[in-house]
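These notes concern the structure reproduced below.
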Amino acid sequence: MVASSYDAALARVLAHEGGYSNHPADPGGVTLEGVTQAVYDDYRRSKGLPREALLPSMRGKPAWIAARDAIYRARYWDVLRCDALPSGVDYAMFDYGVNSGVARAAKALQRLVGVDVDGAIGPLTLAALATHRPAALVAALCDERLAFLKSLKTWPVFGAGWSRRVADVRRVALAMTDATSPAVAPALATATMLTGVAAAAAQGIGNSFAVVLTVIAAAGFIGVCGWFAWRRSRQQEET
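Going by my numbering, the residue at position 200 of the sequence shown is 190; the numbering climbs one at a time, nothing skipped.
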């Protein structure tokens, strides 16, 4: 992703979360715009602030909006590395993490891309995304998420709303996914990195032609690999 889509994603999450809630069947207890009392308490402790009960009257007030947005950004969006995820996958992961926990969302993505499942999105997970189509990941994430929700004992109470939410996330996230293969962008990014390495190396050893030529050749090779990966994914889509 070139620019963060956090603000747009947060607006969609808030539309699903609604306002104040204290449903007896909800294990999260008191909740305001998707933020539970426990999460809010932890946030205020981290700021050296006293406990404050969540109330419906807080909604819309600048102090609450600032705290709410900071919580969503730091504890969900940033933890899931959403700014580093492909368009569409970022929103699907963000909403999944808010609804069912960031660790569960992260583990679901790691299983789908075939890396060690530890619940922490790191360099290996991000690198593995290059070999998967964003649209396929969005669909698989939503399928896994819905299956998990259906397994909960609270499904009879909240199932209808959860089904609508996951369906809406699927629709919006699929529309956001890039049309091109995800394999192209990493290849181009690596080629750009190698070009910078070549320039630095040339300065360090007196413009060595051999170093520059080697790195340029490697960058070209990566670009060609990315093109073939893109062609392969397109052929798979057409069959």
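We put the beta carbon where it would ideally sit given N, CA and C, even for glycine.
Treat the numbers as computed from the prediction; the structure is a model and nothing was measured.
DSSP places S11 within a strand segment (E or B) once states are collapsed to three. Taking a cut-off of 8 Å on C-beta distances, the stretch 120 to 136 touches the stretch 157 to 166, as three or more cross pairs fall below it. In the structure shown, T21 falls within a strand segment according to DSSP collapsed to helix, strand and coil. In this structure, DSSP gives T167 a state outside helix and strand, which the three-state scheme calls coil. Apart from the 5 residues on each side of it in sequence, V20 sits with its Cβ closer than 6 Å to the Cβ of N12, Q27, L44 in its chain, given in chain order. Counting the other Cβ atoms within 10 Å of the Cβ of R161 gives fewer than 16, which makes it exposed. In the three-state DSSP reduction, T115 falls in the helix class (H, G or I). Setting aside the 5 residues that flank it on each side, Y30 is surrounded in the same chain by L22, E42, L44, A57, I61, each with a C-beta closer than 8 Å to its C-beta; the list follows chain order. Across the structure, A98 and P40 are spaced so that their CA atoms are roughly 36 Å apart.
Scanning its chain for C-beta atoms nearer than 7 Å, with the 5 sequence neighbours on each side dropped, one finds no residue around S141. The C-beta distance from A82 to L131 rounds to 5 Å, short enough to fall under 8 Å. For E134, the uninterrupted alpha helix (DSSP H) segment begins and ends at 124 to 140. Here DSSP, grouped into helix, strand and coil, assigns T144 to coil. In the DSSP secondary-structure assignment, T26 is bridged to T21. In this structure, DSSP gives P46 a helical state, which the three-state scheme calls helix. Apart from sequence neighbours up to five positions away, the residues of its chain that approach Y66 with a beta-carbon distance below 7 Å are F84, G87, V88, V92, ordered along the chain. Spanning the alpha carbons of D106 and K51 requires a straight line of approximately 43 Å.
With distances taken between CA atoms, L0 lies nearest to D73 out of G18, D73, P46. Nearest Cα to R2 within the set D80, V69, P46, D16: D80.
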